[in-house]
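*Asks:*
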Amino acid sequence: MAATIKKTNKVSDFFKSIGIYFKSFAEAVAKGDVFVKLSLIWVGAGYARRKQFIRSLLVTVLQAAVIAYSVLIAPQYISKFHNLGEVQMEMVFDINTMKNIPNDYDDSFQILLFSVISIIIWIVFFFFWISNVINVYKLQRKAEKGEHINNFKEDISDYLNEKFHITLLSVPVLGIVLFSIVPIFILILVAFTNYDQEHMAPTALFTWNGLTNFINLFGGGGMTVTFGYSFVRVLGWTLVWAFFATFTTYFGGILLALFLNNKRTKLAKLWRALFVVTIAVPQFVSLLLVRNFFANNGIANTMLENIGVTDFLQNIGLLSYDYIPFLSAPGWAHVTIIMVNIWIGIPYQMLIATGVLSNLPADQIESARIDGANTGQIFRHITMPYVLFVTGPALVTDFVKNINNFNVIYLLTQDVFTTTDQYLANSQAKEVDLLVTWLFRLTQEYYNYKMASVIGICVFVICAVFTLVAFNLMTSKDKEEVYN
Amino acid sequence: MTQKGKVIQIIKDILRHIVIVLMVSFWLIPIIWLIATSFSAYPGRNTSNFFPEQWSLQNYINILSPTSHTVNFPIWMWNTFKIAMAVCIVCTLFAVMVAYATSFFRFKSRKPLMNIAVILNLFPGVLSMISVYFILKAMNLTNTHLGLTLVYCASSGLGYLIAKGYFDTVPRALVEAAKLDGASQARTFFSIILPISKPIIVYTVISSFLTPWTDFVFSKMILNSGIADMWTVSIGLYNMLDRSLINTYFSQFCAGGVIVSIPISVLFVIMQKFYVEGITGGAVKG
Numbered sequence: 001m002a003a004t005i006k007k008t009n010k011v012s013d014f015f016k017s018i019g020i021y022f023k024s025f026a027e028a029v030a031k032g033d034v035f036v037k038l039s040l041i042w043v044g045a046g047y048a049r050r051k052q053f054i055r056s057l058l059v060t061v062l063q064a065a066v067i068a069y070s071v072l073i074a075p076q077y078i079s080k081f082h083n084l085g086e087v088q089m090e091m092v093f094d095i096n097t098m099k100n101i102p103n104d105y106d107d108s109f110q111i112l113l114f115s116v117i118s119i120i121i122w123i124v125f126f127f128f129w130i131s132n133v134i135n136v137y138k139l140q141r142k143a144e145k146g147e148h149i150n151n152f153k154e155d156i157s158d159y160l161n162e163k164f165h166i167t168l169l170s171v172p173v174l175g176i177v178l179f180s181i182v183p184i185f186i187l188i189l190v191a192f193t194n195y196d197q198e199h200m201a202p203t204a205l206f207t208w209n210g211l212t213n214f215i216n217l218f219g220g221g222g223m224t225v226t227f228g229y230s231f232v233r234v235l236g237w238t239l240v241w242a243f244f245a246t247f248t249t250y251f252g253g254i255l256l257a258l259f260l261n262n263k264r265t266k267l268a269k270l271w272r273a274l275f276v277v278t279i280a281v282p283q284f285v286s287l288l289l290v291r292n293f294f295a296n297n298g299i300a301n302t303m304l305e306n307i308g309v310t311d312f313l314q315n316i317g318l319l320s321y322d323y324i325p326f327l328s329a330p331g332w333a334h335v336t337i338i339m340v341n342i343w344i345g346i347p348y349q350m351l352i353a354t355g356v357l358s359n360l361p362a363d364q365i366e367s368a369r370i371d372g373a374n375t376g377q378i379f380r381h382i383t384m385p386y387v388l389f390v391t392g393p394a395l396v397t398d399f400v401k402n403i404n405n406f407n408v409i410y411l412l413t414q415d416v417f418t419t420t421d422q423y424l425a426n427s428q429a430k431e432v433d434l435l436v437t438w439l440f441r442l443t444q445e446y447y448n449y450k451m452a453s454v455i456g457i458c459v460f461v462i463c464a465v466f467t468l469v470a471f472n473l474m475t476s477k478d479k480e481e482v483y484n
Numbered sequence: 001m002t003q004k005g006k007v008i009q010i011i012k013d014i015l016r017h018i019v020i021v022l023m024v025s026f027w028l029i030p031i032i033w034l035i036a037t038s039f040s041a042y043p044g045r046n047t048s049n050f051f052p053e054q055w056s057l058q059n060y061i062n063i064l065s066p067t068s069h070t071v072n073f074p075i076w077m078w079n080t081f082k083i084a085m086a087v088c089i090v091c092t093l094f095a096v097m098v099a100y101a102t103s104f105f106r107f108k109s110r111k112p113l114m115n116i117a118v119i120l121n122l123f124p125g126v127l128s129m130i131s132v133y134f135i136l137k138a139m140n141l142t143n144t145h146l147g148l149t150l151v152y153c154a155s156s157g158l159g160y161l162i163a164k165g166y167f168d169t170v171p172r173a174l175v176e177a178a179k180l181d182g183a184s185q186a187r188t189f190f191s192i193i194l195p196i197s198k199p200i201i202v203y204t205v206i207s208s209f210l211t212p213w214t215d216f217v218f219s220k221m222i223l224n225s226g227i228a229d230m231w232t233v234s235i236g237l238y239n240m241l242d243r244s245l246i247n248t249y250f251s252q253f254c255a256g257g258v259i260v261s262i263p264i265s266v267l268f269v270i271m272q273k274f275y276v277e278g279i280t281g282g283a284v285k286g
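Chains as they are written, first to last, in my numbering: chain A, 1 to 484; chain B, 1 to 286.
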């Protein structure tokens, strides 16, 4: 209950602060002098009045740039945003140069991209414009009270002092907006278009098609029933994989760390270093190597055949091939992938667990031992709760990372595993695919961007819901501990 | 302790170490195979024996003095190194800047910005990469090293959490003292905070330097033209195991793998110490 109340408070706080923001804008417009009002049209007016000429010039240049962009560049894209262009690319014979040149065609993707960028620029400028008026009004009040007004040099030194965080954050935030936020909007928008191999921009146009892709994915579309089927299969394996990959390595890592940390273990550092060697080799080397190690005609099969394991498995009817299809048949491949992940993941978790264990509350353990607790009890009641408390958040992020664990699946099975399931093959999926590897193949090999975007949105929703639920559960648990 | 108890204890100790040795050797099998095969005189995959029948250094000589256009290991190393240097500088700057701002300043939009960062981190890199790829394509930056560098640096501002966790432990009295002495915030940052944050900066530098070396999926997606001279180490080595090449190049692949792994291992071992500190330090404080 407490959490919900707190949350609504947060939301109402948010709206309150927005309300205050617009209120102060209205106040500035109402009570400001001529120059503040003039700032509504020419953003540099107020600064010029207060003799902040350089600042005035800078904001004027910014305004001019935005206006120029909005008049000269934006319209040609925004005006076509509703259907993403109409003029198909064609080759026209140019009589002057005696060559075929493309006509003045519409590039649907450019239209989409620049429309999104334009909208973002306008939103940002809108808030800049409001803040500007508020600022100018503040300057007017200062001048009326006879307070000191900064010159340009002092403004700059402000940005190295009280406002240093703005200086620090501006460039990274710009990078995040351009390379994280804009792409996410594009991804979401593409999910509502028919952008695929038959509609490849710029040679062909693509356009909006509403919810068709979502209907296809969730099994509603009659023609592409396979996509719904594949989605369920792939999602199922993704979740099973993420569960096993996370928990096997997590607990394996803790146990290994405890085992090596034990006082009776000699040369603990050496053993630890040897385990770490396996993760220090980059994954694209170690996984590609393991893939060849377990190939159908690879060394693992030769060795197992020599000692008779293959024959034994054939005799008891577990194997219908004359080799063990470690990475080429469903079932076998699933188990192998999880085993290989244990191999690659445990040393990593061991390292983290070793660090956590070195901060164990030693006095608690000591007093428990004096009270007569044995090793098992100490492990269950002190060590494990402590480790869980410290690494709990990491466990959640590990799960999400495993949902998107591209490397292990792709490097182990690409080119090796071919599916025999007709439905899966129709939608370019495989039994061992995670949602991300499927999505990667859809874009890289089949140019099916629309479906890839839909899957991408699904992955995001799954990860976000999981994280939120997990963190909520964890925090409520913490509260219980506090009350007890 | 009784005589019997001692004997049992010794047996337990011996068993413990046998288990460890067994596990370690199991863990090292692929690594030993990698090193052994890299010294094999047979170029393709040895499917009958674990260790090569004949040993030779030829693989290392071949891979370092390339003759064909499909396999050009030194150029791949150089490409990756160039990209890694650029990524390292930009990412470290961004991460440290964002971490310092969110750790030492209390401004209105701080909490919302940090929440947005958490949400954006949930968006798996592979997903946003597809649309980043669209955008790079629209700007004609696919199949360029600049494009790949941009992708690595793009959201590096989001990787600030570990550095922030470290900054949070820096005593605020230091900053206050500097302020009283009349130092500007910028000056405090450069001449007080940065020097005492050496561990976390070393961590950030190494981890961002390693990104291009260990990454596979981004370079595979951006550098997809098939021009071998453009590739980074990871796609180059991946391509050596293509069905048509594997029987000529498998041993060389192993030699290349060993060469790449040595510097990466060294950096990794230096880094992991700081990694563990960052993770535990950040988590304990919550």
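Quick reminder that beta carbons are idealized off the backbone N, C-alpha and C, glycines included.
Report the option in A:S453, A:A394, A:N315 and A:V124 whose CA atom is closest to the CA atom of A:N213.
*Replies:* By 1-based counting over the first sequence, the position of residue 213 of chain A is 213. When only C-alpha atoms are compared, the closest one is A:S453.
*Asks:* Starting from the C-beta of B:F218, find all residues in its chain whose C-beta is less than 8 Å away, skip the five residues before and the five after it, and write them out in chain order.
*Replies:* Here residue 218 of chain B is taken as the residue at index 218 of the second sequence, counted from 1. So the qualifying residues of the chain are G125, M129, L148, V151 and Y152.
*Asks:* Can you check which of these residues, A:V182, A:L160 and A:A143, is closest to A:F114 by C-alpha distance?
*Replies:* To locate residue 114 of chain A, count along the first sequence from 1; it is residue 114. The option with the nearest alpha carbon to A:F114 is A:V182.
*Asks:* Of the choices A:A280, A:A329, A:S56 and A:V11, whose alpha-carbon is the least far from that of B:I270?
*Replies:* Position 270 of the second sequence, counted from the first residue, corresponds to residue 270 of chain B. With distances taken between Cα atoms, B:I270 lies closest to A:A280.
*Asks:* List the residues of chain A whose Cβ lies closer than 7 Å to the Cβ of B:D13, in chain order.
*Replies:* Residue numbering aside, residue 13 of chain B sits at position 13 when the second sequence is read from its first letter. Going along chain A in sequence order, the residues near B:D13 (Cβ under 7 Å) are R264.
*Asks:* What's the gap between the Cα of A:D196 and the Cα of A:I101?
*Replies:* Stepping through the first sequence from its first residue, residue 196 of chain A is reached at position 196. Stepping through the first sequence from its first residue, residue 101 of chain A is reached at position 101. One C-alpha to the other measures close to 25 Å.
*Asks:* Mind checking if B:R17 is an interface residue toward chain A, Cβ cutoff 9 Å exclusive?
*Replies:* As a position in the second sequence, residue 17 of chain B is number 17, starting the count at 1. Note that residue 17 of chain B is His in the sequence shown here, rather than Arg. B:H17 counts as touching chain A.
*Asks:* List the DSSP bridge partners of B:F62.
*Replies:* Your numbering for residue 62 of chain B matches position 62 in the second sequence. According to the sequence displayed, residue 62 of chain B carries Asn and not Phe. Answer is none; B:N62 lacks a bridge partner.
*Asks:* Please go through the same chain and pick out, in chain order, the residues whose beta-carbon is closer than 7 Å to the beta-carbon of B:I225, but skip the five residues on each side of it.
*Replies:* The residue labelled residue 225 of chain B in the question sits at position 225 within the second sequence. Sequence inspection shows Ser at residue 225 of chain B; the Ile mentioned does not correspond to that position. Excluding sequence neighbours, B:S225 sits near N143.
*Asks:* A:N100 lies in the beta strand (DSSP E); which residues open and close that run?
*Replies:* What you label residue 100 of chain A is simply residue 100 of the first sequence in a count that begins at 1. Counting along the chain, the beta strand (DSSP E) containing A:N100 begins and ends at K99 to P102.
*Asks:* Mind checking if B:G257 is an interface residue toward chain A, Cβ cutoff 9 Å exclusive?
*Replies:* As a working mapping, residue 257 of chain B is identified with position 257 in the second sequence. Judged by the 9 Å Cβ criterion, B:G257 is in contact with chain A.
*Asks:* From A:S56 to A:G44, what does the alpha carbon distance come to, in whole angstroms?
*Replies:* Position 56 of the first sequence, counted from the first residue, corresponds to residue 56 of chain A. Position 44 of the first sequence, counted from the first residue, corresponds to residue 44 of chain A. Spanning the two alpha carbons is a distance of roughly 4 Å.
*Asks:* Give the secondary structure of A:V432 by DSSP, where H, G and I count as helix, E and B as strand, and everything else as coil.
*Replies:* In the first sequence, counting from the first residue as 1, residue 432 of chain A sits at position 432. DSSP places A:V432 in coil when its eight states are reduced to three.
*Asks:* Nearest chain A C-beta to B:G147 closer than 9 Å, yes or no?
*Replies:* For the purposes of this step, residue 147 of chain B is taken as residue 147 along the second sequence, with counting starting at 1. No, its Cβ sits nowhere closer than 9 Å to a Cβ of chain A.
*Asks:* I'd like the ranges of any beta strand (DSSP E) spanning at least 3 consecutive residues and lying wholly in the region 182 to 245 of chain B.
*Replies:* Counting only runs of 3 or more, we get nothing.
*Asks:* For the beta strand (DSSP E) that A:D322 lies in, which residues bound it at each end?
*Replies:* Residue 322 of chain A sits at position 322 when you count from the first residue of the first sequence. Looking at the DSSP string, A:D322 is not in any beta strand (DSSP E), and its letter there is neither H nor E.
*Asks:* What separation, rounded to the nearest whole angstrom, lies between the Cα atoms of A:F399 and A:V232?
*Replies:* Start at 1 with the first residue of the first sequence, and residue 399 of chain A comes out as number 399. Start at 1 with the first residue of the first sequence, and residue 232 of chain A comes out as number 232. If you take the alpha carbons of A:F399 and A:V232, they lie about 19 Å apart.
*Asks:* Could you give the DSSP three-state label for A:F126: helix, strand or coil?
*Replies:* If you number the first sequence from 1, residue 126 of chain A lands on position 126. Helix, per DSSP.
*Asks:* In chain order, what residues of the same chain have a beta carbon less than 8 Å from the beta carbon of A:I337, not counting five sequence neighbours either side?
*Replies:* Position 337 of the first sequence, counted from the start, is the residue given in the question as residue 337 of chain A. W241, L327, V408, I409, L412, T413 and V432, listed in sequence order.
*Asks:* Can you say whether A:A362 is buried or exposed, counting buried as having 16 or more other CB atoms within 10 angstroms of its CB?
*Replies:* Looking up residue 362 of chain A in the first sequence gives position 362. With fewer than 16 other Cβ atoms within 10 Å, it is exposed.
*Asks:* So, under 8 Å CB-CB, A:S180 and A:S427 are touching, yes? Tell me the CB distance rounded to an integer number of Å.
*Replies:* For this step, residue 180 of chain A is matched to residue 180 along the first sequence. For this step, residue 427 of chain A is matched to residue 427 along the first sequence. That belief does not hold up - the Cβ atoms of A:S180 and A:S427 are roughly 29 Å apart, past 8 Å.
*Asks:* Please identify the residue among A:N103, A:G46 and A:E86 whose C-alpha is closest to the C-alpha of A:D94.
*Replies:* Locating residue 94 of chain A in the first sequence gives position 94, where the first residue counts as 1. Cα-wise, what sits closest to A:D94 is A:N103.
*Asks:* Does any C-beta atom of chain B lie closer than 9 Å to the C-beta of A:T336?
*Replies:* On the first sequence, position 336 is the one that residue 336 of chain A refers to. Output row for A:T336: interface = no.
*Asks:* What residues in its chain sit with their C-beta under 6 Å from that of B:G157, if we drop five residues either side in the sequence?
*Replies:* The residue given as residue 157 of chain B occupies position 157 in the second sequence. Excluding sequence neighbours, B:G157 sits near F94 and V98.
*Asks:* Please report the residue range of the alpha helix (DSSP H) in which A:D311 lies.
*Replies:* If you number the first sequence from 1, residue 311 of chain A lands on position 311. Residues V309 to N315.
*Asks:* For B:L174, return the contacting residues in chain A, with the cut-off set at a CB-CB distance below 9 Å.
*Replies:* As a working mapping, residue 174 of chain B is identified with position 174 in the second sequence. What B:L174 touches in chain A: nothing, since even the nearest Cβ is about 16 Å away.
*Asks:* Which residue or residues does DSSP assign as beta-bridge partners of A:M91?
*Replies:* Taking the first residue of the first sequence as position 1, residue 91 of chain A is located at position 91. A:P102, per the DSSP bridge assignment.
*Asks:* Please go through the same chain and pick out, in chain order, the residues whose beta-carbon is closer than 7 Å to the beta-carbon of A:F14, but skip the five residues on each side of it.
*Replies:* The count along the first sequence starts at 1 and reaches residue 14 of chain A at position 14. The answer is none, since no qualifying residue turns up.
*Asks:* Cβ of B:C88 less than 9 Å from any chain A Cβ?
*Replies:* Stepping through the second sequence from its first residue, residue 88 of chain B is reached at position 88. So, not an interface residue.
*Asks:* Cutting at 6 Å between CB atoms, please list the residues of its own chain near A:T246, excluding the five before and the five after it.
*Replies:* As a first step, residue 246 of chain A is located in the first sequence; it is residue number 246 there, counting from the start. Counting only Cβ-Cβ distances below 6 Å, and skipping sequence neighbours, we find D398, F399 and N402.
*Asks:* Is B:V284 close to chain A? Criterion is C-beta to C-beta, closer than 9 Å.
*Replies:* Position 284 of the second sequence holds residue 284 of chain B. Unreliable placement is indicated for B:V284, whose pLDDT of 39 sits below 50; the coordinate value is still reported in the next sentence. Cβ-Cβ to chain A under 9 Å: yes for B:V284.
*Asks:* Helix, strand or coil: which one does DSSP assign to A:G42?
*Replies:* Locating residue 42 of chain A in the first sequence gives position 42, counting from the first residue. What sits at residue 42 of chain A in the sequence shown is Trp, not Gly. Residue state, collapsed to three classes: coil.
*Asks:* Along chain C, in chain order, which residues have C-beta atoms closer than 7 Å to that of B:P30?
*Replies:* The chain labelled as chain C is not found among the protein chains of the depicted structure, namely A and B.
*Asks:* DSSP has B:S40 in a bridge; who is on the other side?
*Replies:* Residue numbering aside, residue 40 of chain B sits at position 40 when the second sequence is read from its first letter. Looking at the DSSP assignment, B:S40 forms a beta bridge with B:W55.
*Asks:* Using only CA atoms, which one of A:L189, A:V436, A:P347 and A:I166 lies nearest to A:F406?
*Replies:* Within the first sequence, residue 406 of chain A is the residue found at index 406, counting from 1. Cα-wise, what sits closest to A:F406 is A:V436.
*Asks:* Cα separation between A:P325 and A:I307?
*Replies:* Sequence index remark: in the first sequence, residue 325 of chain A carries index 325 (1-based). Sequence index remark: in the first sequence, residue 307 of chain A carries index 307 (1-based). Taking the straight line joining both Cα atoms gives about 17 Å.
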